[in-house]
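Colleague:
Protein chains in written order, with the working numbering: chain A, 32 to 504; chain B, 96 to 406.
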């Protein structure tokens with residue numbers, strides 16, 4: 032009996048250790064890109080340079096970033112291995128857990144205008160102010176630089192949320208440098224569907240009214256493929272990408288920002304505001320079937336598959352559409368047009384910083400990592416990045432040419448003057464946009480699409496929402 | 096006397112050895128439970144009194160503030176959380192009721208047939224073993240505006256029941272559609288559990304009722320159902336657990352939409368923990384997690400009490 036028990040005990044103990052080991056951390060990315068970045072190094076020439084690692088949450092940027100790393104290796108003295116972790120929540124979890132275990136890479140990407148500062152407050156990113164000097168900053172598009180600069184107002188506003196306070200950071204200092212910019216509020220149209228419906232594809236609609244008429248035409252020609260689509264499963268898309276640009280033009284700059292303030296003028300339930308909601312409601316009959324259950328990528332896929340004539344996205348939508356095999360010659364690109372009855376009829380959209388890169392506190396090559404970031408944000412590095420990633424860099428390219436015609440169209444959408452509208456500027460909101468009020472507004476606005484509210488009722492709801500949010504802040 | 100004492104001492108030693116062996120056998124399982132069960136529960140319990148974004152080195156003490164904020168005070172989060180509680184309770188009631196209403200008659204029927212019994216049982220159990228991400232996505236396609244269900248309804252002349260936005264794109268039909276998928280995937284388990292229970296019933300009681308002239312429905316309600324109360328209680332507990340803990344279907348098929356009509360407490364916990372729609376806050380997530388745990392425990396206790404065997 033004794034002899035027969037010992038093996039059983041041994042087996043049980045071994046099983047316990049095996050199960051505990053199986054619960055250990057898995058350092059490979061959800062989409063297996065860590066192997067590919069290692070291979071990209073292994074397949075190259077014999078490595079003589081040091082290697083730094085960079086994490087990003089955009090699979091479409093891996094090739095571009097590594098290409099820039101290759102180009103910059105002469106000055107940085109290092110090669111760059113890039114790993115992508117998607118989706119965004121998986122990336123955030125990866126960074127969080129790596130921070131706990133001390134496995135951070137040399138460089139991490141972060142969503143600009145918030146995430147990089149949270150990382151810095153947590154000690155994940157270092158202060159790079161000294162290295163990212165005036166000369167480096169002068170390369171960045173002015174509107175991008177302005178939005179990417181940490182202001183005292185943002186630090187003070189963050190105090191409203193104790194879990195996300197930025198109290199240890201210094202206004203004006205740099206903790207990450209923006210390398211990707213862009214703007215939402217860009218419409219992509221399938222020329223083939225438009226032409227079949229008799230819509231002019233040579234000249235984009237100049238006004239909101241013309242655009243609605245064109246959508247009506249494509250929808251009448253074929254309800255199943257002639258509609259408009261965007262990722263309304265994420266309600267923020269309808270609010271940030273579509274309603275805000277249109278409302279900015281309709282209300283004018285002062286009224287638009289005042290409406291979100293503590294003493295709104297006009298209020299959300301005032302006549303002008305309700306009229307802007309009525310304009311947005313004009314789209315309701317023309318949304319593609321099932322649009323409320325389409326996430327951002329799913330909406331773009333539906334557009335790529337020809338299930339919708341119009342897709343509202345941003346400059347960042349193009350790389351994904353290209354990956355889906357959309358023929359560039361079949362796509363017309365234009366910004367959200369303004370209403371002819373509005374205060375402003377000609378509005379350009381300022382480029383906003385979208386993704387920044389910072390040096391982590393765990394980096395063993397901080398100087399080299401910073402040099403790579405400076406090279407990435409230089410005109411030459413940014414031009415190569417834009418060409419390969421088919422996306423808009425945060426750097427002014429000046430005389431440098433981009434061959435890709437669609438990227439050229441995207442660059443044309445982005446405005447740079449002082450009057451350009453920054454779609455992602457929520458500084459007038461309660462808590463300077465650090466609270467959940469933009470998402471809550473989006474959640475109410477999408478009820479128009481679902482036909483669950485009217486513009487008047489929605490205006491009243493939003494007026495109360497903002498009043499409560501200001502009272503709580 | 097001496098030999099009796101020696102035997103007693105020997106028996107004690109043997110019993111001690113058996114105890115040590117038994118403890119050694121269960122120690123790994125206990126250790127796993129302590130680490131992944133008790134420790135994580137306690138950690139989350141403590142965290143529910145703090146705010147923490149998951150990366151900051153410090154936690155911010157708020158006491159019961161999280162509970163007040165999430166359920167009452169915050170003008171943005173409180174309505175969202177209350178809506179999630181409502182949806183969760185709807186699922187927690189509908190899922191067991193529908194599962195039992197379908198499983199029990201099905202089990203009785205399967206128990207009474209003799210031909211093709213094994214084949215039919217295998218077929219009816221298939222949904223349970225095929226549940227998962229692939230099946231959820233398959234159901235998503237079926238529910239789409241041009242999906243299979245709309246096509247079948249239109250072909251059958253019931254086009255008025257079809258949903259132009261798709262069943263998952265309409266806030267009024269999204270939650271019922273997900274409940275239907277949950278019931279579909281849980282009925283096999285109910286059938287299996289009831290079949291097992293039916294095997295344990297005393298045939299003489301059933302036979303006696305048949306002789307007395309009781310029909311099939313009367314036998315089901317007056318004999319089978321009361322005798323299977325403990326089995327029903329177990330099934331209800333399992334369905335409540337599924338309703339409270341399971342969030343994969345809500346995440347994968349609708350992500351809580353449209354318009355938060357399918358947002359549940361488990362999904363809201365996930366959203367708060369990973370910052371979907373806002374900044375991540377593990378303190379908030381732990382608060383909802385513990386609330387969910389308390390509600391589920393209360394429901395389980397009520398269920399056991401009301402369905403305990405009185406036979």
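Where is the CB? At the ideal position from N, CA and C, for every residue including glycine.
For the alpha helix (DSSP H) holding residue 250(A), just list the boundary residues, first then last.
Modeller: Residue mapping note: residue 250(A) aligns to position 219 of the first chain, counting from 1. Note, residue 250(A): alpha helix (DSSP H), 239-252.
Colleague: Taking a Cβ distance cut-off of 9 Å, strictly less, list which residues of the segment 378-397 of chain B are near chain A, in chain order.
Modeller: Answer set for the segment 378-397 of chain B: 378, 379.
Colleague: When DSSP labels each residue in this structure, what does residue 376(B) get in the three-state scheme?
Modeller: Within the second chain, numbered from 1, the residue matching residue 376(B) stands at position 281. Three-state DSSP puts residue 376(B) in coil, outside helix and strand.
Colleague: So what does DSSP say about residue 423(A), is it helix, strand or coil?
Modeller: Residue numbering aside, residue 423(A) sits at position 392 when the first chain is read from its first letter. Correct three-state label for residue 423(A): coil.
Colleague: With contact counted as at least three CB pairs below 8 Å, one residue from each stretch, are the segment 195-203 of chain A and the segment 318-327 of chain A in contact?
Modeller: In short, these stretches do not touch, since the Cβ pair count stays below three.
Colleague: Quick check on residue 192(A): does DSSP put it in helix, strand or coil?
Modeller: Residue numbering aside, residue 192(A) sits at position 161 when the first chain is read from its first letter. Three-state DSSP puts residue 192(A) in coil, outside helix and strand.
Colleague: Locate the alpha helix (DSSP H) running through residue 165(A), then write down its first and last residues.
Modeller: Translated into the one-based positions of the first chain, residue 165(A) becomes position 134. 165-168 is the extent of the alpha helix (DSSP H) around residue 165(A).
Colleague: Can you check DSSP and say which residues form a bridge with residue 380(A)?
Modeller: Taking the first chain and counting its residues from 1, the one referred to as residue 380(A) is at position 349. Residue 380(A) pairs with 445(A), 452(A).
Colleague: Compare the C-beta of residue 155(B) with all C-beta atoms of chain A and state if any pair is closer than 8 Å.
Modeller: Numbered from its first residue, the second chain carries residue 155(B) at position 60. So yes, residue 155(B) belongs to the interface.
Colleague: Report the CB separation of residue 279(A) from residue 287(A) in whole angstroms; it is logged as a contact under 8 Å.
Modeller: Counting from one through the first chain, the residue named residue 279(A) turns up at place 248. Counting from one through the first chain, the residue named residue 287(A) turns up at place 256. Contact flag correct, Cβ pair sits at about 5 Å.
Colleague: What number of angstroms, rounded off, separates the C-alpha of residue 349(B) from the C-alpha of residue 119(B)?
Modeller: Position 254 of the second chain, counted from the start, is the residue given in the question as residue 349(B). Position 24 of the second chain, counted from the start, is the residue given in the question as residue 119(B). When rounded, the distance between both Cα atoms is 46 Å.
Colleague: Does any CB atom of chain B fall closer than 8 Å to the CB of residue 150(A)?
Modeller: As a position in the first chain, residue 150(A) is number 119, starting the count at 1. Closer than 8 Å to some Cβ of chain B, the Cβ of residue 150(A) qualifies, so yes.
Colleague: Assuming residue 265(A) and residue 319(A) form a contact by the criterion Cβ under 8 Å, report the distance between their Cβ atoms to the nearest whole angstrom.
Modeller: Counting from one through the first chain, the residue named residue 265(A) turns up at place 234. Counting from one through the first chain, the residue named residue 319(A) turns up at place 288. Actually they are not in contact, since the Cβ atoms of residue 265(A) and residue 319(A) sit about 15 Å apart, beyond 8 Å.
Colleague: If you drop the 5 nearest sequence neighbours on each side, which residues of the same chain put their C-beta closer than 8 Å to that of residue 383(A)?
Modeller: Position 352 of the first chain, counting from 1, holds the residue named residue 383(A). Hits under 8 Å: 143, 144, 174, 175, 178, 212, 213, 214, 453, 454, 455, 456.
Colleague: Determine the DSSP secondary structure at residue 460(A), reduced to helix, strand or coil.
Modeller: Looking up residue 460(A) in the first chain gives position 429. Here residue 460(A) sits in coil by DSSP.
Colleague: With DSSP as the reference, label residue 11(A) as helix, strand or coil.
Modeller: With chain A running from 32 to 504 in the structure shown, residue 11(A) is simply not present.
Colleague: Classify residue 280(B) as helix, strand or coil using the three-state DSSP reduction.
Modeller: Walking along the second chain from the start, residue 280(B) turns up at place 185. If DSSP states are grouped into helix, strand and coil, residue 280(B) belongs with the helices.
Colleague: To which residues does DSSP link residue 146(B) through a beta bridge?
Modeller: As a working note, residue 146(B) is residue 51 in the second chain. Paired residues: 155(B).
Colleague: Which residues share a DSSP beta bridge with residue 366(A)?
Modeller: Along the first chain, read from residue 1 onward, the residue named residue 366(A) stands at position 335. Residue 366(A) is bridged to 217(A).
Colleague: In whole angstroms, what separates the C-alpha of residue 247(B) from that of residue 235(B)?
Modeller: Here residue 247(B) refers to the residue found at position 152 of the second chain. Here residue 235(B) refers to the residue found at position 140 of the second chain. If you take the alpha carbons of residue 247(B) and residue 235(B), they lie about 15 Å apart.
Colleague: Output the distance between the C-alpha atoms of residue 386(A) and residue 438(A), rounded to the nearest integer angstrom.
Modeller: By 1-based counting over the first chain, the position of residue 386(A) is 355. By 1-based counting over the first chain, the position of residue 438(A) is 407. Roughly 18 Å separates the two Cα atoms.
Colleague: Where DSSP assigns a beta bridge to residue 139(A), which residues make up the other side?
Modeller: For the purposes of this step, residue 139(A) is identified with residue 108 of the first chain, where counting begins at 1. Bridge partners of residue 139(A): 86(A), 389(A).
Colleague: Measure from the alpha carbon of residue 152(B) to the alpha carbon of each residue in 108(A), 225(A), 495(A), 151(A), then state which is nearest.
Modeller: Indexing the second chain from 1 puts residue 152(B) at position 57. Looking at the Cα atoms, 151(A) is the closest of the given residues.
Colleague: Let me make sure I understand the geometry here. Which of 182(A), 337(A), 206(A), 185(A) has the alpha-carbon closest to that of residue 164(A)?
Modeller: For the purposes of this step, residue 164(A) is taken as residue 133 along the first chain, with counting starting at 1. Nearest of 182(A), 337(A), 206(A), 185(A) to residue 164(A), Cα basis: 206(A).
Colleague: Does the CB of residue 141(B) have a neighbour CB from chain A at under 8 Å?
Modeller: Along the second chain, read from residue 1 onward, the residue named residue 141(B) stands at position 46. Residue 141(B) does not count as touching chain A.
Colleague: Give every residue of the same chain whose Cβ lies closer than 8 Å to the Cβ of residue 293(B), excluding the five residues on either side of it in the sequence, and list them in chain order.
Modeller: In the second chain, counting from the first residue as 1, residue 293(B) sits at position 198. Excluding positions up to five away in sequence, the list reads 202, 203, 206, 319, 323.
Colleague: Give me whichever residues DSSP pairs with residue 209(A) in a beta bridge.
Modeller: In the first chain, the residue the question calls residue 209(A) occupies position 178. Answer by DSSP bridge pairing, in chain order: 387(A).
Colleague: Within the continuous alpha helix (DSSP H) that includes residue 342(A), where are the two ends?
Modeller: Taking the first chain and counting its residues from 1, the one referred to as residue 342(A) is at position 311. No alpha helix (DSSP H) contains residue 342(A), which is instead part of the beta strand (DSSP E) from 341-345.
Colleague: Considering just the uninterrupted stretch of the alpha helix (DSSP H) at residue 180(B), what are its terminal residues?
Modeller: By one-based count along the second chain, residue 180(B) stands at place 85. Element bounds for residue 180(B): 172-207.
Colleague: On the three-state DSSP scale, how would you describe residue 230(A)?
Modeller: What you label residue 230(A) is simply residue 199 of the first chain in a count that begins at 1. Looking at residue 230(A) - three-state DSSP - the assignment turns out to be coil, as it is neither helix nor strand.
Colleague: In chain A, which residues lie with their C-beta within 8 Å of the C-beta of residue 353(B)?
Modeller: Within the second chain, numbered from 1, the residue matching residue 353(B) stands at position 258. In chain order: 263, 264, 323, 324, 477, 481.
Colleague: So what's residue 62(A) in DSSP terms, helix, strand or just coil?
Modeller: Taking the first chain and counting its residues from 1, the one referred to as residue 62(A) is at position 31. Note on residue 62(A): pLDDT 33, under 50, position unreliable in the model; the coordinate value appears next. Reduced to three states, the DSSP call for residue 62(A) is coil.
Colleague: Between which two residues does the alpha helix (DSSP H) containing residue 477(A) stretch?
Modeller: The count along the first chain starts at 1 and reaches residue 477(A) at position 446. Residues 468-480.
Colleague: Go ahead and pull the three-state DSSP assignment for residue 327(A).
Modeller: For the purposes of this step, residue 327(A) is identified with residue 296 of the first chain, where counting begins at 1. Helix at residue 327(A).
Colleague: Would residue 496(A) pass as an interface residue toward chain B - the criterion being a Cβ-Cβ separation below 8 Å?
Modeller: Against the first chain, residue 496(A) aligns to sequence position 465. Yes - at least one Cβ of chain B is within 8 Å of the one on residue 496(A).
Colleague: Buried or exposed: residue 159(B), going by 16 or more other Cβ atoms within 10 Å of its Cβ?
Modeller: Taking the first residue of the second chain as position 1, residue 159(B) is located at position 64. So residue 159(B) counts as exposed.
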